[in-house]
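Numbering of the sequence shown is given in this note's numbering, commencing with residue 24 and proceeding in unit increments.
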Amino acid sequence: MRKSTPAEIEARFDADVERFSDLATGQATIPDSALAQDLLVAVAARHSASPVSLLDLGCGAGNLTLRLLAGFERPPERVRLIDLS
24 MRKSTPAEIE
34 ARFDADVERF
44 SDLATGQATI
54 PDSALAQDLL
64 VAVAARHSAS
74 PVSLLDLGCG
84 AGNLTLRLLA
94 GFERPPERVR
104 LIDLS
């Protein structure tokens, strides 16, 4: 079986972006996605209420990043999001 190229993977995600970009529900294909994101935000905010920087690898549409930013007392000075698509 042939592996997909990065361009093919990017095209698939770009064609299906709406399924991954709903901030209210999270990624619809993952059960309890919104709950999982809420738990991550709570842990991150408890660990560091005012981080200096935030790096989200594999950020997709940035849903988790947006939730994280809203959960901090003071948002980080530097925010970087990296995703294949």
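We treat Cβ as the ideally placed atom computed from N, Cα and C, and that holds for glycine.
Rounded to whole angstroms, the Cβ separation of Pro29 and Leu107 is 6 Å, and the two are in contact under 8 Å.
Under the three-pair Cβ rule at 8 Å, the region 60–73 counts as touching the region 90–101.
Only residues of its own chain outside the window of five on either side were considered, and among them Asp106 have a CB closer than 7 Å to the CB of Gly81, listed in chain order. For Glu96 and Ala67, the gap between their C-alpha atoms comes out near 11 Å.
Listed in chain order, the non-local C-beta contacts of Gly94 below 8 Å within the same chain comprise Val64, Ala65, Ala67, Ala68, local neighbours out to five positions each way being set aside.
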